[in-house]
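For the sequence shown, numbering that gives the first Met the number 0 begins at 0 and goes up steadily by one.
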Amino acid sequence: MSNNSEKTPLSSKAPNLDFERKIGGTTYEVVSRFEKDAREDMTIKVKRLILRGKPNE
């Protein structure tokens, strides 16, 4: 497995993840934005958050 502290190359064009979804009588609009100079991509960030676990309550 690679070292997560390394900078992962991001594609030059971020995918369009914007969408609308109607659930019941409510319409939800999801808009995504990506930082061009981000240190990690979404996959690595989600994995890091999951592995970090739930904070103490």
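For glycine and all other residues, C-beta sits at the position ideal for the given N, C-alpha and C.
| Check | Outcome |
| --- | --- |
| I think V29 touches D40, with their Cβ atoms under 8 Å apart; what is that distance to the nearest whole Å? | So it is not a contact: roughly 18 Å between Cβ atoms. |
| Give the secondary structure of K21 by DSSP, where H, G and I count as helix, E and B as strand, and everything else as coil. | strand |
| If I measure Cβ to Cβ from Y27 and keep anything under 8 Å in the same chain, skipping five residues before and after, which residues do I get? | E19, R20, K21 |
| Under the three-state reduction of DSSP, which class applies to V30: helix, strand or coil? | coil |
| Quick check: what's the CA-CA separation for D36 versus G24? | 38 Å |
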